[in-house]
């Protein structure tokens, strides 16, 4: 079954490569995406280096990022037909993205590594979130830069500021929740929680777009982002303390 994981990873990478080949990358947006990845991925690999399956998690997260965008695009059309286009990304992205990321955690922790504690599951989830963020933000850099009418540089910088302010570790937070549920033999419950938290983040920007004259969705969205930052910082500190108290004895062996 381990080979099934590799086959699915390669298939997802192929879809993602096809996706990015069709994105309107400009020199400024391509540079922004590369710099972002060059900073985030090495930092993740460094801080998570003693835990098994981290590189696999980053690769899986990136591999399904383009696939998620393609599926999200198709769902946009379905929402429009159903008259629910006002939901925007909140109507489809959380379900699609969290299921794809959770699938990676499940495959890696089942067929690639032997997790020794719930920490190993959660750290794989964090790594999957990092990889997904790198891919998702590359798409955002390309589209937001192309849409900026002032200059490519201004568009790339603006995209970077927006993506950083909205929390580049949010996907790690979401997937960490579902990964924890997997470690506790409660995958469905915690996957639903992850989807719900993700949907809450996406809902208010969608409402702000649908309700042009209303300011409350914008304010509520800012509160949600702030709460997410607090949860991310608290979670990072708590995980590092737990990891320091329970260091891995040796690298976990892969399944045959």
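In my numbering, the protein residues as written are 731 to 986. For glycine and all other residues, C-beta sits at the position ideal for the given N, C-alpha and C.
- In this structure, the alpha-carbon of residue 828 lies about 21 Å from that of residue 750.
- Taken through DSSP and simplified to helix, strand or coil, residue 910 comes out as helix.
- In the same chain as residue 845, and ignoring 5 residues on each side of it, the C-beta atoms closer than 6 Å to its own belong to 839, 851, in chain order.
- Rounded to the nearest angstrom, the gap between the Cα atoms of residue 819 and residue 934 is 10 Å.
- Rounded to whole angstroms, the gap between the alpha carbons of residue 864 and residue 857 is 11 Å.
- For residue 896, there is no enclosing alpha helix (DSSP H), as DSSP gives it neither H nor E.
- Taking the CA atoms as reference points, residue 817 sits about 21 Å from residue 869.
- The alpha helix (DSSP H) runs of length 4 or more contained entirely in the stretch 812-863 are, from start to end of the chain, 823-837.
- The Cβ neighbour count for residue 976, taken over all protein chains shown within 10 Å, is under 16; the residue is labelled exposed.
- Around the beta carbon of residue 843, 16 or more other beta carbons sit within 10 angstroms, so the residue counts as buried.
- Going by C-alpha positions, residue 796 is about 12 Å away from residue 826.
- DSSP places residue 747 in the uninterrupted alpha helix (DSSP H) bounded by 732-751.
- Less than 8 Å divides the Cβ of residue 911 from the Cβ of residue 921.
- Remark: C-beta atoms of residue 781 and residue 841 do not approach each other more closely than 8 Å.
- Excluding five sequence positions before and after residue 824, the CB atoms of its chain that fall closer than 7 Å to its own CB belong to 925, 928, 929, 932, given in chain order.
- The closest CA to that of residue 862, considering only 885, 806, 887, 835, is found on 835.
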